[in-house]
Structures are given as structure tokens and as C-alpha cells.
Amino acid sequence: MITEEDKKKVKIRTETTDKSSKEHFEKFLKKFEEEKPILKYFYNSSKNEINKYYKRKKLLTTSKVNPLLVIFSVRDIEGVNDAFNEIDFIDKLWIKNFKDKEAQEECVKWIAKHPEYTHIILTSDDILITSLMVKKLLEDILIYDFPVLTGCCNTCGMYREVVKTLDCQWCIRGEKHPYINVTFDKVVNWDNPILITRPKTKFFHWIKESWRKRNQRIRKVWFSGLALGIIRRDIFDKWQMKPNLLKTYIKNGKIYEYNNYSYDFSLAVWLHKHKIFQFCDLGVKSRHFGTHHNKLKIGIEKSEVVFDKAKKKLSEVIPKLSRILICTPFNNESHSLNKYIKSIINIDYPKELIDLVWYENDSVDTTWIKLVFYFKKVSKRYNYNSIKLFRKDFGLSFGKISVEDFGRGENPHAGKNYLHNYKEVLERAARLNSIYNYFFDLVNRKYRYLMIIMADIIVPNNIIERFLKGFREHRDAGWVGGVHHTRYPLSSLAGPLTVKRGLWSTMTDKELIKLKEERNVVFECGMTGHAWMMPSRLIRKGARPSFSACELVAPMIYKLWELGYRVYCD
Numbered sequence: 062m063i064t065e066e067d068k069k070k071v072k073i074r075t076e077t078t079d080k081s082s083k084e085h086f087e088k089f090l091k092k093f094e095e096e097k098p099i100l101k102y103f104y105n106s107s108k109n110e111i112n113k114y115y116k117r118k119k120l121l122t123t124s125k126v127n128p129l130l131v132i133f134s135v136r137d138i139e140g141v142n143d144a145f146n147e148i149d150f151i152d153k154l155w156i157k158n159f160k161d162k163e164a165q166e167e168c169v170k171w172i173a174k175h176p177e178y179t180h181i182i183l184t185s186d187d188i189l190i191t192s193l194m195v196k197k198l199l200e201d202i203l204i205y206d207f208p209v210l211t212g213c214c215n216t217c218g219m220y221r222e223v224v225k226t227l228d229c230q231w232c233i234r235g236e237k238h239p240y241i242n243v244t245f246d247k248v249v250n251w252d253n254p255i256l257i258t259r260p261k262t263k264f265f266h267w268i269k270e271s272w273r274k275r276n277q278r279i280r281k282v283w284f285s286g287l288a289l290g291i292i293r294r295d296i297f298d299k300w301q302m303k304p305n306l307l308k309t310y311i312k313n314g315k316i317y318e319y320n321n322y323s324y325d326f327s328l329a330v331w332l333h334k335h336k337i338f339q340f341c342d343l344g345v346k347s348r349h350f351g352t353h354h355n356k357l358k359i360g361i362e363k364s365e366v367v368f369d370k371a372k373k374k375l376s377e378v379i380p381k382l383s384r385i386l387i388c389t390p391f392n393n394e395s396h397s398l399n400k401y402i403k404s405i406i407n408i409d410y411p412k413e414l415i416d417l418v419w420y421e422n423d424s425v426d427t428t429w430i431k432l433v434f435y436f437k438k439v440s441k442r443y444n445y446n447s448i449k450l451f452r453k454d455f456g457l458s459f460g461k462i463s464v465e466d467f468g469r470g471e472n473p474h475a476g477k478n479y480l481h482n483y484k485e486v487l488e489r490a491a492r493l494n495s496i497y498n499y500f501f502d503l504v505n506r507k508y509r510y511l512m513i514i515m516a517d518i519i520v521p522n523n524i525i526e527r528f529l530k531g532f533r534e535h536r537d538a539g540w541v542g543g544v545h546h547t548r549y550p551l552s553s554l555a556g557p558l559t560v561k562r563g564l565w566s567t568m569t570d571k572e573l574i575k576l577k578e579e580r581n582v583v584f585e586c587g588m589t590g591h592a593w594m595m596p597s598r599l600i601r602k603g604a605r606p607s608f609s610a611c612e613l614v615a616p617m618i619y620k621l622w623e624l625g626y627r628v629y630c631d
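Position one of the sequence shown corresponds to residue 62 (our numbering), numbered consecutively onward.
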């Protein structure tokens with residue numbers, strides 16, 4: 062525990078910095094404020110085609126959502142049922158061993174008796190679904206409250222080459238499937254399904270898997286195969302899984318009725334007729350097995366409806382969602398930029414709630430060229446709420462330090478720059494002051510948290526989840542960060558810092574191991590670096606960067622202490 066005496070010692074130590082050095086720094090800081098260059102605004106990728114068709118409402122909470130997963134089961138495919146059993150945070154309804162018509166009637170009948178469910182999720186037992194896929198789609202629902210939202214899966218090539226067995230040749234050969242079961246355009250003869258024959262590729266404009274990989278965003282679609290489809294309750298109650306249309310015809314003097322019980326297609330037609338949009342998250346792709354069409358259990362095993370109660374609460378899996386602003390400064394980062402981008406993309410948090418701000422300054426390597434490339438790629442492929450890329454030339458191109466000199470601890474205040482004297486140290490400090498205060502100026506009430514991630518680290522994919530958990534468990538947390546080691550060579554810790562031996566005293570591996578053994582995984586410290594998060598309300602109360610003796614965050618830490626908040630490390 063950090064005592065008030067520790068805080069006083071640290072503050073006195075900082076305040077007694079050499080007076081001439083402080084005056085020198087303030088002089089250069091004033092110069093930067095007076096001659097502040099105009100920020101060069103490059104590009105802003107801000108939202109996507111969803112807004113053309115659907116306006117986002119207020120974020121839902123898990124208390125407002127009670128989904129039911131309906132599984133139509135007529136097969137026994139290894140691994141599929143085990144995957145369904147791992148989805149233990151929502152109720153499940155198994156419709157087992159019925160023919161299509163009876164299965165859908167049983168589903169509608171059961172759901173009609175249970176008005177407590179707000180969303181119906183439809184799938185079948187020839188699709189491999191994971192709990193992460195269900196979680197991702199439910200997060201999309203909490204954000205957008207779509208009337209209908211689906212994932213996608215591979216389209217199997219039945220009725221193409223292996224006609225006799227009905228099996229998919231790509232599944233049999235273990236090859237990649239070239240298409241997914243989603244179409245943007247209307248299905249040919251959608252209003253007269255009797256004319257839709259095999260092969261379906263003549264009628265369904267399947268999307269290529271290679272295109273999907275480059276565009277993993279939420280899109281409006283005309284048809285989706287409902288590999289995993291979430292239907293809002295008001296829509297489901299109106300639709301009632303009614304088969305489309307179909308026709309009556311006379312054969313041998315008898316009247317026959319033709320009905321299509323492919324509920325994915327009937328839903329697409331119903332939505333089109335009622336002018337309701339259907340959306341698909343192309344980042345949620347499951348595996349379809351096209352090898353069990355002649356191994357159905359209908360008529361062999363008992364037909365039954367089985368209810369499976371959830372073991373966990375949905376709120377345990379999906380905590381309250383918040384808008385987050387993630388900012389990163391870039392200076393001479395070309396050596397590790399690809400690793401940074403990959404780790405940012407892999408963060409397990411709804412991209413629709415993340416705004417990215419990338420700020421490049423004074424690089425002498427290829428950082429800017431690479432950033433432009435990655436910016437265009439990420440903007441197109443992923444569904445971030447917005448991505449902004451800026452460049453600002455401070456006229457401080459000091460050069461890039463070599464890896465070897467960096468490892469030897471050359472120029473300790475220089476970062477990845479070559480700094481030759483204290484004047485350049487101060488100039489770099491003033492540059493950082495300008496950059497970080499620009500980030501803090503972006504924070505407004507629509508963001509609940511500001512997160513700073515440096516460009517030369519790889520963050521774990523659960524970093525936001527862990528930091529938010531730190532804030533939930535520690536109500537006095539004003540800052541939550543993590544542990545990181547020195548960059549080259551990888552050896553001792555670079556953070557967190559403790560104030561028990563002075564604010565700039567780095568904790569040791571031994572101390573961290575002891576804390577872990579004592580189960581203090583989240584503990585109070587003096588400061589963390591390179592990746593940390595703050596609530597926006599504290600920024601509005603005055604906690605923001607203000608350099609003192611070339612240090613960025615010390616004044617901000619003091620302000621947090623003054624407000625009664627603490628710094629925690631996970």
C-alpha cells in the first residue's frame with residue numbers, strides 16, 4: 062500500500078529539481094506554444110455503410126437482452142455438440158430429429174409460450190459454433206439493436222461433382238471453400254422459388270471467401286444462410302417461420318401444395334417484402350459440414366424438444382460496454398509497426414466502440430509510408446467506429462538510434478532518437494507535451510475511457526477486458542496499466558514503478574512474483590507505462606499531462622492522488 066508519506070517524499074523530490082534546468086525547459090515549452098505548427102490532417106475513416114441503412118440507438122445492457130439459442134438437430138457430427146455445450150451463458154432449445162416442417166412448428170409453438178426471450182438465435186447441428194462467435198454477435202446486438210443479424214459460413218458444393226452422395230467435394234478433399242453463404246443481391250427467382258434448381262450458384266450470388274477476409278465488417282445483405290442468426294423477438298413473432306409462398310398444382314387429379322421450408326430463404330423473402338434490413342457480421346465465420354446429408358437420424362431416433370438452462374449469467378461473459386478512445390504516437394517505428402497493428406486488431410473488444418487515433422511526428426525512417434498503407438487496409442477491412450491518421454512536423458528530426466545503442470542505454474531520455482545535448486532533450490519533451498495534450502483534448506463525454514498504447518509494444522488481446530475489470534473491482538482506480546519489460550535486450554522490468562523507493566523506482570521481477578503468489582494480480586503502484594487507461598471524467602477534472610523536469614505523467618499522477626484516486630497495475 063502506498064502511504065501519504067511516500068507521496069510526500071516523491072513530490073518533494075520532484076519539486077527540488079535543478080532550478081536552471083526547469084527554467085530552460087519552460088523557455089523551450091513557451092517557444093513551442095508560440096510557434097505551434099499547424100496539425101496536418103490526413104484522413105478520417107468514419108463510419109461505414111451501416112449508417113446508410115440503420116441508425117445506431119443507445120447502447121443496450123445485458124439486463125435488457127435475454128437470448129434463446131435454438132438448435133435444429135438431426136445429425137451427430139463429432140465435435141459440434143461439444144462446442145454447443147460450451148455455450149453455457151444463454152438458454153438453449155434443442156429441436157431433435159423432426160422433419161423440417163414439424164421442427165419449425167415445434168420451435169414456434171415452444172417460443173410462443175415463453176415471452177421472456179428478447180432474441181431468438183437460430184442454428185443447426187451441421188455448423189461448428191463457438192462461444193466467442195455467439196459473444197461477438199450479441200455484442201453487435203447490444204451496440205446496434207439490429208432487427209436481424211447473422212454470421213456466415215462456407216458454402217458447400219453439393220450437387221456439383223459428387224452428385225450420388227450429396228456430399229461437398231471441398232469437405233471430402235479437405236480443401237478450402239471458395240464461397241460463403243451470403244448474397245448482397247437479390248436471389249434470382251426469389252419470388253418463384255419453384256424455379257430455383259440445382260446448382261444454386263445460378264441463382265445465389267455467393268460472396269467469395271477471399272473478399273470476405275479483406276472486408277470483415279458488418280454489411281447489409283439480401284440473403285444469409287443463418288449459420289448463426291439472431292432475430293429480434295418482435296420480428297420473429299411476426300415472421301413465425303412461415304414457409305414462402307408456395308404454389309399449388311394438380312397431378313394425376315390430385316391437388317398438391319409446394320412449400321419451401323428452408324427458413325433462411327423464407328426469412329430473406331419475408332424481410333424483403335416487409336422492407337426490413339438484414340445485416341451480417343462478416344468477421345463471424347463458422348464451419349459448415351457438407352458430409353452428413355445421408356446420415357440423418359429422422360425416423361431412427363426419438364423426436365423430442367429438449368431445454369437446456371444456462372449455467373452462467375450473460376453479464377458474466379459480456380460486461381457493460383463503453384466507448385473507448387485509443388491513441389498512439391509514432392516516431393521512428395517502422396521496425397515494429399506490423400506487430401503493433403496486428404496486436405491492435407486482435408484486441409477482443411467490439412471494434413464498433415473503438416476510435417483509433419494515430420499521430421506520426423518527425424520520423425526519419427519509413428514510419429509514415431507504412432502507416433498510410435496500414436491505415437487504408439485497416440479502415441477497409443475492420444469495423445472501427447472511426448480511425449484518424451495525423452502527421453505533424455515539429456522540425457525535430459533527431460535521427461534514429463541503433464538497436465545496439467538502445468540496448469546499451471544510450472541517451473536515456475531520448476526514446477528512439479539520437480539526442481546530443483540537454484537542449485534537444487527539452488525540445489523533445491515539449492514535442493511530447495504537445496502530442497499528449499492533443500490526445501487529451503479529444504476526450505469528450507461520448508468516451509468513457511482514454512487508452513494510450515505506445516507503438517513499440519505488443520498488447521495481449523484481453524487488455525481492454527482486464528483494464529475494465531480493474532476499474533470495476535477497484536472503485537478508487539484512476540489509472541490502470543500493465544507490466545512491460547525493457548525492449549532490447551529483453552531483460553529487466555521497465556514498469557510498473559513504485560513510490561516506496563521514489564516514484565522512478567522500477568519494481569523487480571521478484572516483487573511481482575511475490576504479489577502473484579499472494580494473489581495480488583491487480584495491485585497499487587506509482588505509475589505504469591506504454592499501455593494504460595484512464596476514465597474520461599477524471600480528465601475533465603484536470604488530470605492531464607504537464608511536463609515537469611521532462612517527465613510527462615508525474616503531474617497527472619499527483620492530480621489523481623489529489624482527487625482521491627490511485628494507480629493500479631494488472
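Beta carbons are placed, not taken as given, at the ideal position from N, Cα and C, and that holds for glycine.
Would you mind giving the Cβ-Cβ distance between Arg136 and Lys358, rounded to the nearest angstrom? I have them listed as a contact below 8 angstroms.
-> Between Arg136 and Lys358 the beta-carbon gap is near 7 angstroms, inside 8 angstroms, which marks them as a contact.
Where Gly290 and Leu624 are concerned, what is the direct C-alpha to C-alpha distance, given to the nearest angstrom?
-> Roughly 47 angstroms between the two C-alpha positions.
Any alpha helix (DSSP H) of 4 or more consecutive residues that is wholly inside the stretch 487-544 | 524-534, all fully within the stretch 487-544.
Best match in Ile406, Gly531 and Leu129 for proximity to Gln277 [C-alpha to C-alpha] | When only C-alpha atoms are compared, the closest one is Ile406.
Take Lys281 and list the residues in its own chain whose beta-carbon comes closer than 6 angstroms to its own, dropping the five residues that flank it on each side.
-> In the same chain as Lys281, and ignoring 5 residues on each side of it, the C-beta atoms closer than 6 angstroms to its own belong to Tyr114, Phe338 and Phe340, in chain order.
So, Trp267 versus Ile241, is the Cβ gap smaller than 8 angstroms?
-> Yes; because the gap between Cβ atoms is below 8 angstroms, this pair is in contact.
Leaving out the 5 sequence neighbours to the left and right, which residues in its chain are closer than 8 angstroms to Thr184 when beta-carbon positions are compared?
-> Within the same chain, Cβ atoms closer than 8 angstroms to the Cβ of Thr184 are found at Leu130, Val131, Ile132, Phe133, Ile190, Leu287, Ala288, Leu289 and Gly290, the five residues on either side in sequence being excluded.
Distance, Cα to Cα, Leu573 vs Val628?
-> Taking the straight line joining both Cα atoms gives about 16 angstroms.
Just checking my contact of Trp300 with Trp331 at CB under 8 angstroms: how many whole Å lie between their CB atoms?
-> Between Trp300 and Trp331, the beta carbon gap of about 5 angstroms places them in contact (Cβ cut-off 8 angstroms).
Rounded to a whole number of angstroms, what is the C-alpha to C-alpha distance between Pro557 and Val583?
-> One alpha carbon belongs to Pro557, the other to Val583, and they sit about 12 angstroms apart.
Just to confirm, are Tyr420 and Ile496 a CB contact at a threshold of 8 angstroms?
-> With respect to the 8 angstroms criterion, Tyr420 and Ile496 are classified as neighbours on the basis of their beta carbons.
Using 7 angstroms as the cut-off, classify the Cβ of Tyr324 as near or not near the heavy atoms of the ligand FMN, replying yes or no.
-> What this structure holds is no ligand at all, so the ligand FMN is not there to describe.
Those residues which DSSP pairs with Thr559 across a bridge = Ser566, per the DSSP bridge assignment.
Check whether the Cβ atoms of Leu493 and Val418 sit closer than 8 angstroms, and answer yes or no.
-> In this structure, the beta-carbon distance from Leu493 to Val418 does not fall below 8 angstroms.
Which residues mark the beginning and the end of the alpha helix (DSSP H) in which Phe391 is found?
-> Careful: Phe391 lies outside any alpha helix (DSSP H), inside the beta strand (DSSP E) at Ile385 to Phe391.
Just the C-alpha distance for Arg598 and His353, rounded to the nearest angstrom, thanks.
-> Approximately 56 angstroms between the Cα atoms of the pair.
Would you give the residue range spanned by the beta strand (DSSP E) that Tyr629 belongs to?
-> Here the beta strand (DSSP E) through Tyr629 covers Arg627 to Cys630.
Mapping DSSP to helix, strand and coil, what is Leu189?
-> Strand.
Helix, strand or coil at His353 [DSSP, three-state] | DSSP places His353 in coil when its eight states are reduced to three.
Take the Cβ of Lys453 as the centre, count every other Cβ of all protein chains shown within 10 Å, and call the residue buried at 16 or more, exposed below.
-> With 16 or more other Cβ atoms within 10 Å, it is buried.
CB of Asp664 within 8 angstroms of CB of Phe451, strictly | Residue 664 cannot be examined here, being either before or after the span of the chain that is shown, 62 to 631.
Asp631 to Glu163, Cα distance in whole Å?
-> The alpha-carbon of Asp631 is positioned some 53 angstroms away from that of Glu163.
Which whole-angstrom value is the C-beta distance of Gly351 and Cys213, which I expect to be below 8 angstroms?
-> The pair is not a contact, with the Cβ atoms about 15 angstroms apart (cut-off 8 angstroms).
Where Tyr205 and Glu166 are concerned, what is the direct C-alpha to C-alpha distance, given to the nearest angstrom?
-> Each residue's alpha carbon lies about 30 angstroms from the other.
Is it the case that the Cβ atoms of Thr123 and Ile379 are separated by a distance below 8 angstroms?
-> Contact flag set, yes.
Starting from Trp622 and walking both ways along the alpha helix (DSSP H), at which residues does that stretch end?
-> In this chain, the alpha helix (DSSP H) harbouring Trp622 covers Ala615 to Glu623.
So what does DSSP say about Cys214, is it helix, strand or coil?
-> Residue state, collapsed to three classes: strand.
Which value, in whole angstroms, describes the spacing of the CA atoms of Pro304 and Ile172?
-> Spanning the two alpha carbons is a distance of roughly 17 angstroms.
Put Glu222 into one of helix, strand or coil per three-state DSSP.
-> With a pLDDT of 45 at Glu222, under the threshold of 50, the predicted position of this residue should be treated as unreliable, and no value is reported.
Excluding the 5 residues preceding and the 5 following Trp155 in the sequence, name in chain order all residues of the same chain whose CB lies nearer than 6 angstroms to its CB.
-> Excluding positions up to five away in sequence, the list reads Ile132, Ser134 and Val367.
Val560 and Gly587 look like a contact to me (Cβ under 8 angstroms); what is the Cβ gap, rounded to whole Å?
-> With a Cβ gap of about 4 angstroms, Val560 and Gly587 count as contacting.
Could you pull out every residue in the same chain whose Cβ sits closer than 7 angstroms to the Cβ of Val541, ignoring the five residues on either side in sequence?
-> Phe528, Gly531, Phe532, Trp593, Met594, Tyr629 and Asp631.
Under 8 angstroms, do Phe150 and Leu375 count as touching if we go by C-beta distance?
-> Cβ atoms of Phe150 and Leu375: closer than 8 angstroms.
Asp342 - partner residues in DSSP beta bridges = Partner(s): Ile279.
Rank Glu579, Glu585 and His545 by C-alpha distance to the C-alpha of Arg536 and give the top, closest one.
-> Per the Cα distances, Glu585.
Using beta-carbon positions only, say whether Leu198 and Val345 come within less than 8 angstroms of one another.
-> The answer is yes: Cβ separation under 8 angstroms.
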